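Participant:
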Amino acid sequence: MEIKRDEYAGEIIIRKAGPADMEAVLELAGDVFEGEQGIPRSLNPIPPENAPQWWCAVTEGRIAGVAAAFVEDGRWHIGRLAVAKEMRGRHIATDLLRTAAAFVFDQGADIIYMEARDITVAIVKKMGGRVAGEPVPFYQGTVTPVVLEKERFQ
Numbered sequence: 001m002e003i004k005r006d007e008y009a010g011e012i013i014i015r016k017a018g019p020a021d022m023e024a025v026l027e028l029a030g031d032v033f034e035g036e037q038g039i040p041r042s043l044n045p046i047p048p049e050n051a052p053q054w055w056c057a058v059t060e061g062r063i064a065g066v067a068a069a070f071v072e073d074g075r076w077h078i079g080r081l082a083v084a085k086e087m088r089g090r091h092i093a094t095d096l097l098r099t100a101a102a103f104v105f106d107q108g109a110d111i112i113y114m115e116a117r118d119i120t121v122a123i124v125k126k127m128g129g130r131v132a133g134e135p136v137p138f139y140q141g142t143v144t145p146v147v148l149e150k151e152r153f154q
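Numbering (UniProt numbering), first residue to last: 1 to 154.
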């Protein structure tokens, strides 16, 4: 578990999400993705065969951010990175992404794949990641393929 103190929000805890968290995790993801980007809520759950691992940022007893790592086509991915609108600008997405990436690399992966909005592309690049393709249309906007390699992870 990682604890981060934030001058604006008090204590923020980044931890693995448990079964009791999943309703709130998926609700937050749905609010962000469907409400802001037009992505249907039905796309947020990750099938069990993809071995999903979810993380959440918790502050003041509520989930303020989420991220998931999962295996697809034999490759590790990170996605479903979402932060409640009122909690943005506090580096919660960075903390979630860093925690999820460290877990994936600890599982033996050498590379993590993502399809990311521009803000997440910037975060991944600061961690040593790189753009791996051209942006493609995805609902209201585009996503860009990015990769984060273990040897470059900061």
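Cβ coordinates follow ideal geometry from the N, Cα and C atoms, glycine included.
Computed from a predicted structure; not experimentally measured.
Out of 66, 128, 112, state which residue places its alpha-carbon closest to the alpha-carbon of residue 83.
Facilitator: 66
Participant: Could you tell me the distance, in whole angstroms, from the CA atom of residue 160 to the CA atom of residue 129?
Facilitator: The structure shown does not extend to residue 160, since the chain spans only 1 to 154, so no value can be given for it.
Participant: At a cut of 8 Å, does the segment 104 to 113 reach the segment 54 to 63 through at least three beta carbon pairs?
Facilitator: no
Participant: Between residue 39 and residue 70, which are expected to be in contact by the criterion C-beta below 8 Å, what is the C-beta distance as a whole number of angstroms?
Facilitator: About 16 Å; that fails the 8 Å criterion.
Participant: In angstroms with no decimal places, state the Cα-to-Cα distance between residue 99 and residue 34.
Facilitator: 25 Å
Participant: Just verifying my parser: in three-state terms, what is the DSSP assignment at residue 114?
Facilitator: strand
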